[in-house]
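Peer 1:
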Amino acid sequence: MSLKYMTPTEQFKKYLPKDYVELVDYGPFGKSQDEAGVNNIGQFKEVLEEHPMCSGCLMAYFIRVFFAALPNPEDTVTLGTAGCGRLAISQAAVPFIYGNYGDQNAMASGLSRAFRLRFPDKKKDVVTLAGDGGTMDIGFSMTMHSWIRGEKFTTIMLDNEVYGNTGGQESGMSPQGAILKMAPEGKKFEKMPATELAKTAGCVYVVRISPTNIKKTAKSIKRAILVAREVGPTFIHVYTSCNIEYSIPTEEVFKDAKDQEKDRFSFEEYMTDEAREVIERIEGEEKKAKKAKKGARKEEVVS
Amino acid sequence: MEKKRYNMRVSGLGGQGVVTTAHILGSAMDNAGKYASLVPFFGSEKRMAPVEAYVRASTDPIYEVGEVVYPDIIMIYHPQVITHGKSYTMPFYMGLKPNSLVIINTDRDVLEPEDIRVLTELKATVVQFDATELALKIAGTELATNMAMMGMLLGLIKLVSMENIEHAVKERFLGTSFVTSGGTAALDSAIEKKFKKKEKLLSKNMEVISKTFEMADSVDLNSGKLVFQLAV
Amino acid sequence: MSQNARPKLEKKIVDAGYLLKEAPRTQQFITGAQAMAEAVKRANVDMAIAYPITPQSEVMHLVGDIYAQGHIKEYYRAEEELGTMSAIAGAARAGVRMFTATSGPGLLRGLEAIASWPGHRIPAVLGVLTRVVNAPLSIQPDNIEIAYLMHCGALVLHAENQQDTFDMTLAAFAIAEKVDVYIPVAVATEGFFVTHAKGYVNTTPEDMALTPIDPTAAPVPAMDNETPPARIQRDAPVQKSNFMSYLIHAVWQQEIWDSNKRSMKYIYEYLGGPIEVQDPEADVFVVASGCAAAQAREAHRYAQEEGLSVGFIKVRSIRPFPVDEIREAVKNAKKLIVPEHNIIGWLCKEVKASIPNSGIVVEGPRVYGGMTLPVELIMAEIYNALGIEHNMKL
Numbered sequence: 001m002s003l004k005y006m007t008p009t010e011q012f013k014k015y016l017p018k019d020y021v022e023l024v025d026y027g028p029f030g031k032s033q034d035e036a037g038v039n040n041i042g043q044f045k046e047v048l049e050e051h052p053m054c055s056g057c058l059m060a061y062f063i064r065v066f067f068a069a070l071p072n073p074e075d076t077v078t079l080g081t082a083g084c085g086r087l088a089i090s091q092a093a094v095p096f097i098y099g100n101y102g103d104q105n106a107m108a109s110g111l112s113r114a115f116r117l118r119f120p121d122k123k124k125d126v127v128t129l130a131g132d133g134g135t136m137d138i139g140f141s142m143t144m145h146s147w148i149r150g151e152k153f154t155t156i157m158l159d160n161e162v163y164g165n166t167g168g169q170e171s172g173m174s175p176q177g178a179i180l181k182m183a184p185e186g187k188k189f190e191k192m193p194a195t196e197l198a199k200t201a202g203c204v205y206v207v208r209i210s211p212t213n214i215k216k217t218a219k220s221i222k223r224a225i226l227v228a229r230e231v232g233p234t235f236i237h238v239y240t241s242c243n244i245e246y247s248i249p250t251e252e253v254f255k256d257a258k259d260q261e262k263d264r265f266s267f268e269e270y271m272t273d274e275a276r277e278v279i280e281r282i283e284g285e286e287k288k289a290k291k292a293k294k295g296a297r298k299e300e301v302v303s
Numbered sequence: 304m305e306k307k308r309y310n311m312r313v314s315g316l317g318g319q320g321v322v323t324t325a326h327i328l329g330s331a332m333d334n335a336g337k338y339a340s341l342v343p344f345f346g347s348e349k350r351m352a353p354v355e356a357y358v359r360a361s362t363d364p365i366y367e368v369g370e371v372v373y374p375d376i377i378m379i380y381h382p383q384v385i386t387h388g389k390s391y392t393m394p395f396y397m398g399l400k401p402n403s404l405v406i407i408n409t410d411r412d413v414l415e416p417e418d419i420r421v422l423t424e425l426k427a428t429v430v431q432f433d434a435t436e437l438a439l440k441i442a443g444t445e446l447a448t449n450m451a452m453m454g455m456l457l458g459l460i461k462l463v464s465m466e467n468i469e470h471a472v473k474e475r476f477l478g479t480s481f482v483t484s485g486g487t488a489a490l491d492s493a494i495e496k497k498f499k500k501k502e503k504l505l506s507k508n509m510e511v512i513s514k515t516f517e518m519a520d521s522v523d524l525n526s527g528k529l530v531f532q533l534a535v
Numbered sequence: 536m537s538q539n540a541r542p543k544l545e546k547k548i549v550d551a552g553y554l555l556k557e558a559p560r561t562q563q564f565i566t567g568a569q570a571m572a573e574a575v576k577r578a579n580v581d582m583a584i585a586y587p588i589t590p591q592s593e594v595m596h597l598v599g600d601i602y603a604q605g606h607i608k609e610y611y612r613a614e615e616e617l618g619t620m621s622a623i624a625g626a627a628r629a630g631v632r633m634f635t636a637t638s639g640p641g642l643l644r645g646l647e648a649i650a651s652w653p654g655h656r657i658p659a660v661l662g663v664l665t666r667v668v669n670a671p672l673s674i675q676p677d678n679i680e681i682a683y684l685m686h687c688g689a690l691v692l693h694a695e696n697q698q699d700t701f702d703m704t705l706a707a708f709a710i711a712e713k714v715d716v717y718i719p720v721a722v723a724t725e726g727f728f729v730t731h732a733k734g735y736v737n738t739t740p741e742d743m744a745l746t747p748i749d750p751t752a753a754p755v756p757a758m759d760n761e762t763p764p765a766r767i768q769r770d771a772p773v774q775k776s777n778f779m780s781y782l783i784h785a786v787w788q789q790e791i792w793d794s795n796k797r798s799m800k801y802i803y804e805y806l807g808g809p810i811e812v813q814d815p816e817a818d819v820f821v822v823a824s825g826c827a828a829a830q831a832r833e834a835h836r837y838a839q840e841e842g843l844s845v846g847f848i849k850v851r852s853i854r855p856f857p858v859d860e861i862r863e864a865v866k867n868a869k870k871l872i873v874p875e876h877n878i879i880g881w882l883c884k885e886v887k888a889s890i891p892n893s894g895i896v897v898e899g900p901r902v903y904g905g906m907t908l909p910v911e912l913i914m915a916e917i918y919n920a921l922g923i924e925h926n927m928k929l
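Chains A, B and C, in that order, are what the protein sequence lines are. Following the numbering used here, the numbering of the first sequence begins with 1 at its first residue and continues without gaps. Following the numbering used here, the numbering of the second sequence begins with 304 at its first residue and continues without gaps. Following the numbering used here, the numbering of the third sequence begins with 536 at its first residue and continues without gaps.
1) In angstroms with no decimal places, state the Cα-to-Cα distance between B/Gly388 and B/Met351.
2) Between C/Val873, C/Ser673, C/Lys713, C/Pro640, which lies nearest to C/Gly846 when the distance is taken from Cα to Cα?
3) Starting from the beta carbon of B/Ala343, find every residue of chain C whose beta carbon is closer than 9 Å, and list them in chain order.
4) Ordered along the chain, which non-local residues of its own chain (more than five positions away) have a Cβ less than 7 Å from that of B/Ala331?
5) So, is the C-beta of A/Tyr26 closer than 8 Å to a C-beta in chain C?
6) Using 8 Å as the threshold, is the C-beta distance between C/Met743 and C/Lys556 below it?
7) Using a Cβ distance threshold of 8 Å, determine whether the segment 562-570 of chain C contacts the segment 599-619 of chain C, with at least three qualifying pairs required.
8) Could you give the uninterrupted runs of the beta strand (DSSP E) lying entirely in the segment 664-713 of chain C, keeping only those of 3 residues or more?
9) Helix, strand or coil, according to DSSP, for C/Ala752 in the structure here?
10) Since C/Leu642 meets chain A, which of its residues come closer than 9 Å, beta carbon to beta carbon?
11) Taking the alpha-carbon positions, what's the A/Ala93 to A/Thr7 distance?
12) Can you pull the chain A neighbours of C/Ala613, defined as C-beta to C-beta under 8 Å?
13) I need the DSSP call for C/Glu875, collapsed to helix, strand or coil.
14) Specify the secondary structure class of B/Tyr320 as computed by DSSP and reduced to three states.
15) Could one say the Cβ of C/Asn579 lies closer than 8 Å to chain A's Cβ atoms, at least one of them?
16) Using a Cβ cut-off of 8 Å (strictly closer), state whether B/Gly369 contacts chain C.
17) Which chain B residues are close to C/Thr907, counting only those with a beta carbon under 7 Å from its beta carbon?
18) Sorted by chain position, which residues of the same chain lie with C-beta nearer than 6 Å to B/Met393's C-beta, five sequence neighbours on each side aside?
19) Expressed to the nearest angstrom, what Euclidean distance is found between the alpha-carbon atoms of C/Asp749 and C/Ile657?
20) Taking 7 Å as the limit between beta carbons, can you name the residues of its chain near B/His326, skipping five residues before and five after?
21) Looking at C-alpha atoms only, which residue of C/Val722, C/Asn867, C/His596 is the closest neighbour of C/Pro891?
22) Can you tell me whether B/Ala489 is buried or exposed? The criterion is at least 16 other CB atoms within 10 Å of its CB, across all chains shown.
23) In or out: C/Tyr803 buried (at least 16 other Cβ within 10 Å) or exposed?
24) Less than 7 Å between C-beta atoms, sequence neighbours within five positions excluded: which residues of the same chain meet that for C/Glu833?
25) Compare the Cα-Cα distances from C/Thr738 to each of C/Ser780, C/Pro559, C/Pro542 and report the closest residue.
26) Given a cut-off of 8 Å on the beta-carbon distance, is the pair A/Arg223 and A/Glu268 in contact?
27) Hey, A/Gly85 and A/Gly131 are a contact pair by Cβ (cut 8 Å); roughly how many whole angstroms apart?
28) Between C/Gln830 and chain B, is there a C-beta pair that is closer than 8 Å?
29) Spell out whether any CB of chain B is found under 8 Å from the CB atom of C/Cys826.
30) Straight-line CA distance for B/Asp433 to C/Glu816?
31) Determine the DSSP secondary structure at B/Leu404, reduced to helix, strand or coil.
32) Nearest chain B C-beta to C/Glu833 closer than 8 Å, yes or no?
33) Mind checking who A/Ser146 pairs with in its DSSP beta bridge?
34) To the nearest angstrom, how far is it from the Cα of C/His686 to the Cα of C/Trp792?
35) Tell me whether the beta-carbon of C/Leu597 lies closer than 8 Å to the beta-carbon of C/Leu642.
36) Starting from C/Glu647, find everything on chain A with Cβ-Cβ shorter than 9 Å and list it in chain order.
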C-alpha cells in the first residue's frame, strides 16, 4: 500500500520538508472523496497549490479540480507532454511523467500494462493530461492507437483551442476562422471532432464538457477513471480556454466557459453498456454506503 | 580445383528454391563437421524476380559475411538469368576468380563468344545441363530443380557425403521436431498425413540428387576443358 | 490481460556472471535474429513491444513466439516506432525489464524518444539491426544509423556475428540495470549479414534465466507509488529560472555520460573488454567493429598466411568508446586501416580522435548502401600500407 510508504515515522518527521509532512497529515491521501474531494476544497491540503500559469487561466482551475477529484491520488500516475498544462501538473504531489512531444498515450500504454503485470491485485490509475496539440495533432497517432488497442487508462484533452505555450499558433482543435499565428488568414478547416473520433476508436466512456459545474466535472473525471480500471479507454474533452491568445478578460473567463457550454462544448456523455454497468454498480454501492452511514447517524441521534 | 574454401554465388528466379538450397548446403556442411555460412539476398520477394544467395563452405571456421563478390563457384538456376539479364550481377560471371566452376541449368548452350573468351582466360569450367527437365523426369515436379543443381555441385566437388546431404534435406523438409523413429505414432492423423506426403517428397528429392551425382562422374574438372554439356 | 491464463515456465534463476561466464553451453547453428531472440528468452524480460521494419522484423517475430511460449509476460505490436519507444519509456517507469528492436529508418523515427531514455534513466535493451536510412532508400545493411545513436547517451555495443549478438544482448540487460549505470544499452549488428545469416552460437540452457529486475535497486526509483521515497515533493525546479534549467540539465547529462563511462568495468566483466587485439606487435592494424570486424578478421588470417606484419583490433563497444585501450594497443603501429559499412566513417573519426598521431589512419575501405565489404578490398589496403605491389583486378 503506497500510503504507508509516504508516511514517515514520528522521529523522521522533523527532518522532512514541512510541505511533505503536511501533505501526509492533511492531504487527500488515503481519504475518501467526502473527506477530501471537490466538495470541500479549502478544508484539506490539496496536491496542487502553486503553479506558474497565467492569471485567470481556466486550465489551471480545471487541473486543480482534476487533482481534487482523483478517486485514488496515492496510487495515480499522470503523464503529459509539452504545453501549458504540464507546468501545473508537474507541480502536483502526484507522480507525473513528462515525456516527449505528444507521446503521452504511448507511454501510458506501456506504463498501465506494466502496472497490471507487477501489481495484478492493485488499482493503479493512469491518466494522461495533454493539450489539444499534444493529443490531437502531434500525438494523434499515439492517442488514436492507444484507444484502438483498448488500453485501460484515461485520456484528458485540455482543449484551449490553440498552442498557448509556444505563442498562440493554430491547432487542429482551433475553431474554423480563428485568426492565430500560422493562420494569418484565419483557420481554413473545421475543429476536429475529438469525441466522435474517440467513440469510433473504441473509447468506452467519453465526455465533452466545459467545466463550469465543479460537481459535474468531478463526477465525469471519477467515472472516467473508474471505468478505465475495468473496461477500457476513456476520454474527457474539456474546454480550458486560453484567455491570453483569445483575449478573454480575466473576469469574463467563467462567462466565456458558460457561453461555450451552449456552443462548441455542449455537454456530452457517452458510455457503452459495459461502462454503464460499472458506473451503476460503483455508484449504487456508494449510495448504499452513504445511506447506511446516514441511518447509523440517525440511530445515534435517536438513541 | 580442390580448395580449403569455396565462395559460391547462386543466382536464380523467385520460387526456384535458391535460398532453400543455400540452407541445405549449409546444413550438409554442418553435418559433415565442416563450416558453412550463407547469405540470402532478396529483392522484392516475387515469383520469377531475380534471387541470389551466397554460400561459403570451408574446412576452417569462416569469419567474413555478406554477399560473395568474388566467387569460385557460380550456380545459375535459370537460363533467363543469363539470356534476359534477370540477375543482380551482370554479366553472370562478374567477379569470378581464376580456376573456378560455373553450373548452369539450361536446355541449350547459353554462352556467347564474349563469355567464352573471358571464361577461357579465367581457366573456368562450365557445366551445363537441364536440371528442370531432370527434376520433372525423376521427381515429377519442377520444384526439385534446386535439388538437381545442388546434387550436381556436390557431385562435382565432393564436399560432403550422401548421408550428410540426406540428413540436411530431411532437416529442411521434415524439420527437427519430426523424429522418424518412435514418437510419430503420437502425432495426430492430420499431421501424420502431411508427414507421409513430406516423406514422399523427401525420397523423390534424394533420387534426383543421386542421379546428378552419377552425372557428375563424367566431368573431369582438371581436364582443362571449358564447357561440359550433359544430356539428361 | 489475465496473467493466470499465461503459460508458466519453471526456470533456474542465475546471476549475470554465472549465466554469461560459467553456465554450460550447447552449440546451435542459427541466424543472428534467432541469436538475439534466444538471448531475450534467457533474459527474464517482462515486456517486449514490437513494430515491423525490415530487416529487424524477424527478431520481434521470434520474440513474439517466445512471449506465446511464456518466456515473456507481455508483448504487443505498437503503432510505429515513436509509439514503441515511448511505450518502453512508460513501462520502464513501472519497474519492468523491457526489450524492443528496430532498424535504420525505424531507429531514426524513434530517436526522439530514444535520445531521452538515458535522461529518463530507462534501463531498456534495444536491438539495432542496421539498415540504410538516407535517400535513396534501401533495406540493405549500411550502418550509418549508429552515428546518430552514439550521441544519445546510451551504451552502444556492436556485434560481429551471431555469437556476439547472443552474448551482447544477454550482457546488455545485466549492464543496463547496474545501479551505477542504469541507462539503456543498444546492441547493434548488421541487418541481413548477421540477422538473416546462420552462424554457430553457443547458447546457455533454455531453462536458465537471468535474475529478475529489481526496481528498487535504481538511482531513480520506479514511478510505481510503491518504492520510497514517494514522489510527493512538489517542485518543478527546471521551470524556476533559466539558470536553474541550465544547471539541472547540465548536471543530469553529466551524470548520464559518467554512467556511460562507468559501464566499462562491466564490459570487461561480461564481455572480456571493449576491444579484442590479435598480433599486438604488428606494424599495420585493421581496426573494425560489427560485421566489418568479421571481414577484417578474415583479412588478418589471409595476411598471416602470407606472413605479413598485420594485427587486428575489434571494437566491441562504441559507447563507451575505448579511447585508452585503443591508444595503448596501437602506440607502435605505423598504419591503421579502418574498414566500415557507411560513407561518413564514424569509427574512423572515433579512432582518429583517440590517438595522438591520427595521420597513420587510412580512411577506409568503406562500402555503403549496404553492400558487402569484400575482404579483397581490405587486403588491397594492407598491401598498400606495407608497400607491397599487387594486382588484384578488383
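All C-beta atoms in this analysis are idealised placements derived from N, C-alpha and C, irrespective of residue type, glycine included.
Peer 2: If we stick to the structure as given:
1) Approximately 12 Å between the Cα atoms of the pair.
2) Among C/Val873, C/Ser673, C/Lys713, C/Pro640, the Cα nearest to that of C/Gly846 belongs to C/Val873.
3) Looking at the sequence itself, residue 343 of chain B is Pro, so the reference to Ala does not match. Chain C residues near B/Pro343: Phe727, His731, Ala732.
4) So the qualifying residues of the chain are Val463, Asn467, Ile468, Ala471.
5) Output row for A/Tyr26: interface = no.
6) In this structure, C/Met743 sits away from C/Lys556, with a CB-CB distance that is not shorter than 8 Å.
7) In this structure the segment 562-570 of chain C does not lie against the segment 599-619 of chain C, because fewer than three pairs of beta carbons, one per stretch, are closer than 8 Å.
8) Within the segment 664-713 of chain C, the complete beta strand (DSSP E) segments at least 3 residues long are 690-693, listed from N- to C-terminus.
9) If DSSP states are grouped into helix, strand and coil, C/Ala752 belongs with coil.
10) Neighbours of C/Leu642 on chain A: none; closest Cβ ~15 Å, over 9 Å.
11) Straight-line Cα distance between these residues: approximately 14 Å.
12) By Cβ distance, chain A contributes Ala106, Ser109, His145.
13) Three-state DSSP puts C/Glu875 in a strand.
14) Looking at the sequence provided, one finds Gly at residue 320 of chain B rather than Tyr. Coil at B/Gly320, not helix or strand.
15) C/Asn579 has a beta carbon lying at 8 Å or more from every beta carbon in chain A.
16) Yes, contact with chain C.
17) Within chain B, the residues placing a beta-carbon under 7 Å from that of C/Thr907 are Gly369, Glu370, Val372, ordered along the chain.
18) None.
19) C-alpha separation (whole angstroms): 13 Å.
20) For B/His326, where only same-chain residues beyond five positions count, the Cβ hits under 7 Å are Leu341, Arg475.
21) The residue with the shortest Cα to Cα distance from C/Pro891 is C/Asn867.
22) At B/Ala489, the pLDDT of 44 sits below 50, so the modelled position is not reliable; the number obtained from the coordinates is stated separately. B/Ala489 should be labelled exposed.
23) In the assembly as shown, C/Tyr803 is an exposed residue. Its beta-carbon has fewer than 16 other beta-carbons within 10 Å.
24) Residues Val910 of the same chain have their beta carbon placed closer than 7 Å to that of C/Glu833, with the five preceding and five following residues left out of the count.
25) Checked all of C/Ser780, C/Pro559, C/Pro542; the closest Cα to C/Thr738 is C/Pro559.
26) Going by C-beta atoms, A/Arg223 is not nearer than 8 Å to A/Glu268.
27) Yes, A/Gly85 and A/Gly131 are in contact; Cβ-Cβ is about 6 Å, under 8 Å.
28) Yes, its Cβ sits closer than 8 Å to a Cβ of chain B.
29) Judged by the 8 Å Cβ criterion, C/Cys826 is in contact with chain B.
30) The alpha-carbon atoms of B/Asp433 and C/Glu816 are separated by roughly 55 Å.
31) Three-state DSSP puts B/Leu404 in a strand.
32) Taking Cβ atoms only, chain B reaches closer than 8 Å to C/Glu833, which makes this a yes.
33) A/Ser146 pairs with nothing; no bridge assigned.
34) Their backbone Cα atoms lie some 10 Å apart in a straight line.
35) Their beta carbons are not under 8 Å apart, which means C/Leu597 does not touch C/Leu642 by this criterion.
36) Residues of chain A with a Cβ closer than 9 Å to the Cβ of C/Glu647 are, in chain order, Asn100, Tyr101, Asp103.
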